[in-house]
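Down below is the structure, laid out as structure tokens.
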Amino acid sequence: MSALNPSLTESYYVSSFISGLKDDIKPMLKILKPANVLMAFKQARSQEKSNNALTKRTRSVQRSSTIFNNGRVTSNASSTVFSPNRIERGLR
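And the structure:
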């Protein structure tokens, strides 16, 4: 990158790259402080995959904990009862 404009530093290009990322990825990249654009790209890609996996898992849990009752959505979290004796024996 510096070959295109030798007066600009690598940190300028890294900062410019990070400023164009989604808001949910920027903070992690700022913490990681990548040394060059390639590392920033790899770390951003990794963070995006992590965020997508977490979002997918969260949506899955929300769907499985919802019951539709006559067109109304109610959570079944309060209807789940765990017996301490069954848990100790490894039964659920």
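Everything in the sequence shown is counted per this note's numbering, starting at -9 for the first residue and increasing by one.
Glycine is no exception: its CB is placed at the ideal position from the N, C-alpha and C atoms.
Query	Result
Beta carbon of L(-6) nearer than 7 Å to that of I8	no
Residue range of the unbroken alpha helix (DSSP H) whose run includes K16	16 to 22
Residue from L11, P(-4), Y3, I15 with nearest C-alpha to S40	I15
CB contact flag (A43, L11, <7 Å)	no
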